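Quick note on numbering: the sequence shown equals residues 1 to 227 in the UniProt record's numbering. Glycine included, each C-beta is placed from N, C-alpha and C at the ideal position. Just so it is clear, the structure is predicted and the values come from calculations on it, not from any experiment.
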Amino acid sequence: MYQYLPPNRNGLHHKGHLIKVTGEGELLVQPDSASVNVGVITENKELITAQQQNSVEVTKVINSLHGLGIPQNQLQTFDYRIESDYDYDQGKQIFRGYKITHLLQVKIEDLSMIGKVVDTAVKNGVNYVSNVQFKVKNKDSLYQQALALALNNAIEKAKTIAGTLNVTLIPTPTLVMEGGDTNQPFHHHAETFVKGVNSTQFEPGQIVVKASISAEFHYQTQYQAPL
1 MYQYLPPNRN
11 GLHHKGHLIK
21 VTGEGELLVQ
31 PDSASVNVGV
41 ITENKELITA
51 QQQNSVEVTK
61 VINSLHGLGI
71 PQNQLQTFDY
81 RIESDYDYDQ
91 GKQIFRGYKI
101 THLLQVKIED
111 LSMIGKVVDT
121 AVKNGVNYVS
131 NVQFKVKNKD
141 SLYQQALALA
151 LNNAIEKAKT
161 IAGTLNVTLI
171 PTPTLVMEGG
181 DTNQPFHHHA
191 ETFVKGVNST
201 QFEPGQIVVK
211 ASISAEFHYQ
221 TQYQAPL
């Protein structure tokens, strides 16, 4: 948007001579890392038995991921829950057993390994996979580039407005306010996998890194009094 007020009689620059614009910058970048949540869900009428089964399965999954070269510092427990399950019969609540959910977040540096990580985890006991995300490591640097594009975009807008109004733009903005930064990674929605799945493929696509600013520019104009 812009604000255009008539000049004073002397044609002098004053605080009313403002052009206000917004600017946006956007980069499309290839992701260079990823993460995925894999989980083991076990059910049993006995709590201790359910916990022990879950622990055995999760240990098997972790060992299988280590076998792929995933180091310990790239594995982290994302969620652990113990829940009571019930069936309902004619309005009556009937205890069915306990459900143990143990989710691990796996960080992956080699994007070509994502499908293999998921397949290996599933073959070794995982029955839940969710929240596949592709990311970039140097997000701050990319955001700075997008911010520069946003400022240049604002400057070009101000020049266009000033040229249309036939006034002289002072090219250095008097105020610049940064908007929010956003990046939009690829997300893969939660799915439940069963044993036997193989050759899972994930396409990383591109990540959009955005920046926005608002800026104020002064302009000058010459005023001629009517004859």
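- DSSP, read as helix, strand or coil, puts V56 in helix.
- Judged by DSSP secondary structure, T120 falls outside any beta strand (DSSP E) and instead within the alpha helix (DSSP H) spanning I114 to K123.
- Look at L111 here: in three-state DSSP terms it is helix.
- Here I161 carries a helix assignment [DSSP, helix/strand/coil].
- Inclusion of G179 and I155 in the CB contact set at 9 angstroms is not warranted, their separation being larger than that value.
- Counting the other CB atoms within 10 Å of its CB gives H218 a total of 16 or more, which places it among the buried residues.
- In the DSSP annotation of this structure, I70 is not part of any beta strand (DSSP E), being labelled neither H nor E.
- Straight across, the Cα-Cα distance linking Y88 with Y98 is about 15 angstroms.
- Its Cα nearest to that of R96, the residue K45 stands out among K157, T168, K45 and V29.
- Per the DSSP secondary-structure output, A154 pairs with nothing in a beta bridge.
- The alpha carbon of K60 has as its nearest neighbour, out of Y143, V38, Q133 and K137, the alpha carbon of V38.
- Residues G97 and K99 of the same chain have their beta carbon placed closer than 6 angstroms to that of E43, with the five preceding and five following residues left out of the count.
- Note that the region 17-36 touches the region 133-147; at least 3 beta-carbon pairs, one per stretch, sit closer than 8 angstroms.
- A contact between stretches requires three or more CB pairs, one per stretch, nearer than 8 angstroms, and the region 165-176 fails this requirement with the region 61-75.
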